[in-house]
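Visitor: According to the numbering used here, the stretch in the sequence shown is residues 22 to 270, in order. Structure provided below as structure tokens; questions to follow.
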Amino acid sequence: MALYDFTAPRLFVEADLAEGRVLPLERAQANYLLTVLRKAEGEPVLLFNGRDGEWRADICPNGRKSADLKVVERTRPQPAPPDLHYLFAPLKTGRLDYMAQKAVEMGAGTLRPVFTRFTQGERIKLDRLRANAIEAAEQCGILAIPTVAEPERLPAALAALEPERLLVFCDEDAPVADPVAALRGATDGKTPPLAVLVGPEGGFHAEERALIAARPNTVALSLGPRILRADTAAVAVMALVQAVLGDGR
Ligand code: SAH
């Protein structure tokens, strides 16, 4: 089997996974496998729960609309969760769904919602955020489900970061400069634990910018001469950080 088998559907389950276990499928999952994907008896499904690695299971239909999954063998060990904290100002629902999924696909290990001065709305649905993280994991073969932290206001979010954690702050007002050099210059060759911060649709307030820049071990990063949408900035900064300092080296 290739490193990742994307021919078999991947499903997140809450249950413990071990050889021989039989898991009754939830109705929505049974519908997805039997009706949408038209999977037949004995066809493989890949299961993961964020704790026990990835397991191959066989579909055992019982009736037209329901099925059990018989867990057969472990196909991949459980990796440690990535240690990259992704801090972000909540966006409007559709864009937040997209941004959360992209951050997870690009290696965020903890999603940390941060309310800033210009954040739209004062509420965030954490269960929706977790569902997006799980969906991204199902689609991209990620086995460690990122942690979703409680939302915090900016000062508390900054204070919660360990001093040794390098904060890469996407500053839309930063002078355009080589982001790779900026990231390399912030670590003098070491590989610190990482955090990334992306602002809201309205950007950062000047006082917030000063507060963030005052934190030691923080680098204000320019993502180029154009103002990116926050969800675009998420992908851009994660690609840069992972390539220069993260697991993309
Ligand atoms: N009004 C747009 C963009 C607002 S800026 C929108 O609706 O999304 C959103 C955030 O993306 C900023 O706070 C910053 O964190 C990041 N960002 C956007 N363009 C950037 C740039 N050129 N350099 C650094 N960060 C940027």
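No residue lacks a Cβ here, since even glycine has one placed at the ideal position from N, Cα and C. A quick note: this is a predicted structure, and the numbers were derived from the prediction, not measured.
Excluding five sequence neighbours on each side, which residues of the same chain lie with their C-beta closer than 6 Å to the C-beta of Thr96?
Guide: Glu75 and Arg77
Visitor: Relative to the ligand SAH, is the shortest distance from any of its heavy atoms to the C-beta of Ser87 smaller than 7 Å?
Guide: no
Visitor: Nearest-angstrom Cα distance between Pro167 and Val217?
Guide: Going from the Cα of Pro167 to the Cα of Val217 covers about 15 Å.
Visitor: For Val34, which three-state DSSP category applies?
Guide: It is coil, neither helix nor strand.
Visitor: Within 10 angstroms of its Cβ, does Ala227 collect 16 or more other Cβ (buried), or is it exposed?
Guide: exposed
Visitor: Considering just the uninterrupted stretch of the alpha helix (DSSP H) at Pro176, what are its terminal residues?
Guide: Pro176 -> alpha helix (DSSP H) spans Leu175 to Ala180.
Visitor: If you measure between the beta carbons of Ala29 and Pro65, is that distance less than 8 Å?
Guide: yes
Visitor: Once the 5 residues before and after Pro134 are set aside, which same chain residues still bring their CB inside 6 Å of it?
Guide: Pro111, Ile145 and Pro172
Visitor: Taking one C-beta from the segment 122 to 140 and one from the segment 152 to 169 each time, how about it: are there three or more such pairs within less than 8 Å?
Guide: yes
Visitor: Run through DSSP, which three-state label would Asp73 get?
Guide: coil
Visitor: How many angstroms separate the CA atom of Ala198 from the CA atom of Asp37?
Guide: 48 Å
Visitor: Where Phe190 and Glu229 are concerned, what is the direct C-alpha to C-alpha distance, given to the nearest angstrom?
Guide: 11 Å
Visitor: So, Leu204 versus Leu261, is the Cβ gap smaller than 8 Å?
Guide: Between Leu204 and Leu261, the gap from beta carbon to beta carbon is short of 8 Å.
Visitor: Starting from the Cα of Gly71, find the closest Cα among Leu54, Ala178 and Pro103 and give me that residue.
Guide: Pro103
Visitor: Could you tell me if Pro196 is buried or exposed, where buried requires 16 or more neighbouring beta carbons within 10 angstroms of its beta carbon?
Guide: exposed
Visitor: Tell me the residue span of the alpha helix (DSSP H) that contains Ala251.
Guide: Ala251 to Val265
Visitor: At what residue ranges does the segment 184 to 226 contain a whole run of the alpha helix (DSSP H), taking only runs of 4 or more?
Guide: If we require 4 residues or more, the alpha helix (DSSP H) runs fully inside the segment 184 to 226 come out as 200 to 206.
Visitor: Go ahead and label Phe109 buried or exposed: buried means 16 or more other beta carbons lie within 10 angstroms of its beta carbon, across all protein chains shown.
Guide: buried
Visitor: Going by C-alpha to C-alpha distance, which of Leu188, Lys211, Arg116 and Arg42 sits closest to Ile80?
Guide: Measuring from the Cα of Ile80, the nearest candidate turns out to be Arg42.
Visitor: Evaluate the contact criterion for the segment 250 to 268 versus the segment 175 to 194: three or more CB pairs, one atom per stretch, below 8 Å.
Guide: yes
Visitor: Between the Cα of Leu147 and those of Pro246, Leu132, Thr137 and Gly210, spot the shortest distance and give me the residue it belongs to.
Guide: Leu132
Visitor: Where Glu35 and His106 are concerned, what is the direct C-alpha to C-alpha distance, given to the nearest angstrom?
Guide: 24 Å
Visitor: Tell me whether Leu164 sits in a helix, a strand or coil according to DSSP, three-state version.
Guide: coil
Visitor: Apply the 10 Å Cβ neighbour rule to Leu58 and answer buried if 16 or more other Cβ atoms are within range, or exposed otherwise.
Guide: exposed
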